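FYI, numbering that gives the first Met the number 0 numbers position 73 of the sequence shown as 72, with every residue one higher than the one before it.
The beta carbon of each residue, even a glycine, is placed where N, CA and C say it ideally should be.
On a predicted model such as this, the values are computed, not experimentally measured, just so you know.
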Amino acid sequence: MVIQAMHAEAREHYGGPRIYPELKKRRYATSLNAVAKIMGENCTHSDRGSQYASEHYQRLPGNQRIQCSMSGVGQCGDNAPMESFFTSLEKELVHHEDYETREEAKTSLFEYVEVFYNNQRLQSSLGYLTPVAYEQAA
C-alpha cells in the first residue's frame, strides 16, 4: 500500500497522542486523489475503529464519490494492505527503538515513512518498485 498520502504537510501529526475526527478529515481530504489513483477504484478501506464507523466519516466520502469499505468483525481482508504496512513498521522500526521523547518517536516515524518506506523500500506487491516510483509510473 502506498503511504504517500501522508504528505510532508502532515508531518506535525505523526505520532500524535490521539486520533481526532478533524485530523482524520484533514488527512482523508489530502489523500483522496492518491488513494483513488493507487487503488484504481473509488473505494477506501478501514478497520472498524470508532473514528471510521462514525456517521461523520461515513458521510465524508460521499462528497467525493468514494465508497467506504468496512468488513464485518473478524474479516480483515479489506484492510490487509494497511495491516501489512503496520506489521512492517513494527518489525523494521518500532521493535528496534527505545524512544526517550515523543518528538524523537515522531521524527523516527516520519523518516521511516517518508524517506525509507516510500522512497527506498521495494514492494513485491508493486512489482518490486518503491511506492513513489510506482505512483510516478501510474
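By the neighbour-count criterion, in which 16 or more other beta carbons inside 10 Å mark a residue as buried, residue 108 falls on the buried side. In the three-state DSSP reduction, residue 122 falls in the strand class (E or B).
Closest option to residue 92, judged by alpha-carbon separation, among 79, 120, 54: 120.
The distance from the Cβ of residue 111 to that of residue 130 is about 13 Å, inconsistent with a contact at the 8 Å cut-off.
Excluding sequence positions up to five before and after residue 96, its CB lies within less than 7 Å of the CB of 107, all in the same chain and listed in chain order. Looking at the DSSP output, residue 128 bridges to 122. Where residue 88 is concerned, the enclosing alpha helix (DSSP H) starts and stops at 79–91. Take residue 127, set aside five residues on each side of it, and the residues of its chain with a beta-carbon closer than 7 Å to its own are 121, in chain order. Comparing alpha-carbon positions, the option among 132, 79, 90 lying closest to residue 114 turns out to be 132.
For residue 102, the enclosing alpha helix (DSSP H) starts and ends at 101–109. CA-to-CA, the gap between residue 94 and residue 100 works out to about 16 Å. Residue 134 and residue 53 have their C-alpha atoms roughly 30 Å apart.
Judged by DSSP in its simplified three-state form, residue 136 adopts helix.
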